[in-house]
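Comments concern the structure below.
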Amino acid sequence: MSLIRPFRGLRPAPGRAAEIIAPPYDVMNVAEARAMVEGRPLSFLHVSRPEVDLPTDTDPYADAVYAQGAQNLRRMIAAGTLRQDDAACYYAYRLVMDGREQTGLVLAASVPAYDENLIRRHEFTRPDKENDRVRHIDTSNAQTGPVFLVHRATAALDGVLARASQGASTADVVADGGVRHTLWVIDAAADIAAISAAVEALGVLYIADGHHRSAAASRVAAQRGGPADAEHQYFLAVSFPHDQVKILDYNRLLTDLNGLDEVAFRERVAEHFEIEPLSGEARPAALNTFGMYLAGQWYALRLKPGRVPNDPVGRLDVSLLHQYLIEPVLGVSDPRRDKRIDFVGGIRGLGELKRRVDSGEMAVAFALYATSLEDLMAVADAGQVMPPKSTWFEPKLADGMVSHLLD
């Protein structure tokens, strides 16, 4: 069973990428999406968030939304603003953010390999979000948002990508937020063969972000059936070497102290954590340490000895904070459904935690040390799942840079 193969990518016509590429469909609400498309008739949000073209009271899961997205995609293809490559290719995709770069491989990933856990996942999916992606893929007959994969760094693959990215790019855009997106086509037969061999030698790939997209692709493939080499038996993905990818912290806020006053709450926290008040922000610098913001004061928390289990999920800082503080002290047993807890990606900084507590919206905030790629892969290799909101990846891949048509 092959893990990947090249494919005939659907890409912006020369010189049009800046007008087309857009942030992932799920990083903004509909009001933000409507604002983003103002004055941008070619924005890929017309495909990925097509409710922007319908009345404001439209149900985002209405049949008309998916039909509108498919129509917009066909219109862009007919107008020549999106063009499909004549032959199957791979692509090198480089992201540069704050001076840090990562170069990945755009590929078609095997659905059977995903089903057999050779493309490994580390989190559960939500049925509503998965159903949404199934309908979007099936109606548009395309995968328009790539799954973010990671692979263990290998010199063979790094070498081909480095060589490919020295030539002329096919798209080079500095998008909103200052992130630079650059794409190169890899169409030489020798390079395609070398890439395929290098990835197959790895044996496994790992999903970093995009669990709903990959799960939806699997469901569409099962519904359609057909030959093993059909386009719908593969899904759009970009895989990056693990030593180039950075996971940011994913922090927690609680609306209340579960009936405790501040003194009683700190006493309960002290049962399992050493507490030290700080004059500035309490940004964790090591595993098993946490920042806490409470009543205008930052505290450094350090988990007391003897409390870290030897299993890939239990030893995660997100698990330890939940086990020793969030559940027993604050009474949140199910962070997926409990409305008293919220999550903030580290891209917003600790200032966002302070702001939301100071405003009275939240009662307490916790800053975490970022999960490592090694921990993510260890959880996936063990066939387990991480707690919700364990990883935040930046920068994000752009929708519209390369899409995958299913026929």
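First residue of the sequence shown? That's 0 in numbering that gives the first Met the number 0, and the numbers climb one at a time after it.
All C-beta atoms, glycine included, are put in the ideal place defined by N, C-alpha and C.
Note that this is a predicted model, so its numbers are computed, not measured.
- Membership of Ser213 in the alpha helix (DSSP H) is indicated by the continuous run His210 to Arg223.
- DSSP places Asn250 in no alpha helix (DSSP H) but in the uninterrupted beta strand (DSSP E) bounded by Tyr249 to Leu253.
- DSSP links Tyr233 through a beta bridge to Ser109.
- DSSP places Ala77 inside the alpha helix (DSSP H), whose first and last residues are Asp62 to Ala77.
- Going by C-alpha positions, Glu273 is about 13 Å away from Ala281.
- Rounded to whole angstroms, Ala154 and Glu326 show a C-alpha spacing of 44 Å.
- Of the residues assessed, Ser332 falls on the exposed side of the cut-off, its CB having fewer than 16 other CB atoms within 10 angstroms.
- Remark: fewer than three beta-carbon pairs, one from each stretch, lie closer than 8 Å, so the region 178 to 188 and the region 113 to 129 are not flagged as touching.
- Taken through DSSP and simplified to helix, strand or coil, Phe123 comes out as coil.
- DSSP assignment within the region 249 to 322 yields the following whole alpha helix (DSSP H) runs of 4 residues or more, N-terminal first: 261 to 268 and 316 to 320.
- Beyond the five residues adjoining it in sequence on each side, Pro145 comes within less than 6 Å, by CB distance, of Leu235, Ala236, Val237 and Leu396 in the same chain, given in chain order.
- Between Phe365 and Tyr249, the CB-CB gap reaches or exceeds 8 Å.
- Under the DSSP assignment, Met35 falls in the alpha helix (DSSP H) whose first and last residues are Val29 to Val36.
- Straight-line measurement puts the Cα of Gly330 at about 31 Å from the Cα of Ile206.
- Annotation for Ala155: the continuous alpha helix (DSSP H) segment containing it runs Ala154 to Ala163.
- Taking every protein chain shown into account, the CB of Asn71 has 16 or more other CB atoms within 10 angstroms, so this residue is buried.
- Taking a contact to require three or more Cβ pairs closer than 8 Å, the region 360 to 374 and the region 280 to 295 qualify as touching.
- In the three-state DSSP reduction, Arg355 falls in the helix class (H, G or I).
- Distance check between Gln67 and each of Asp137, Asp85 and Tyr92 places Asp137 closest, using alpha-carbon atoms only.
- In this structure, the beta-carbon distance from Leu160 to Leu104 falls below 8 Å.
- About 16 Å separates the CB atoms of Pro40 and Glu50; that is not less than 8 Å, and the two are not in contact.
- DSSP places Val146 in the uninterrupted beta strand (DSSP E) bounded by Val146 to His150.
- Nearest in C-alpha terms to His210, of all of Asp25, Tyr92 and Leu320, is Asp25.
- The residue from Ala299, Phe392, Gly166 and Thr143 with its alpha-carbon nearest to that of Leu404 is Thr143.
- Relative to the Cα of Phe6, the nearest Cα in the group Lys338, Pro387, Met75 and Ser195 belongs to Ser195.
- Non-local C-beta neighbours of Phe264 in its own chain, meaning closer than 6 Å and more than five positions away in sequence, comprise Leu256, ordered along the chain.
- DSSP places Arg4 within a strand segment (E or B) once states are collapsed to three.
- Every beta strand (DSSP E) of 3 residues or more that sits fully in the region 176 to 211 is shown, in chain order, as 179 to 185 and 204 to 208.
- Taking C-beta atoms under 8 Å as the contact rule, Leu106 and Ile3 qualify, at a distance of about 4 Å.
- Assigned with DSSP and collapsed to three states, Tyr368 falls in coil, not helix or strand.
- Spanning the alpha carbons of Gly279 and Trp297 requires a straight line of approximately 7 Å.
- Beyond the five residues adjoining it in sequence on each side, Cys88 comes within less than 8 Å, by CB distance, of Pro5, Phe6, Arg7, Gly8, Val184, Ile185, Asp186 and Ile191 in the same chain, given in chain order.
- Between the alpha carbons of Ser47 and Arg301 lies a gap of roughly 43 Å.
- Going by C-alpha positions, Arg73 is about 25 Å away from Tyr92.
- Residues Ala91, Trp183, Ile185 and Asp190 of the same chain have their beta carbon placed closer than 7 Å to that of Ala163, with the five preceding and five following residues left out of the count.
- When the Cα atoms are used, Leu53 and Val64 turn out to be separated by approximately 8 Å.
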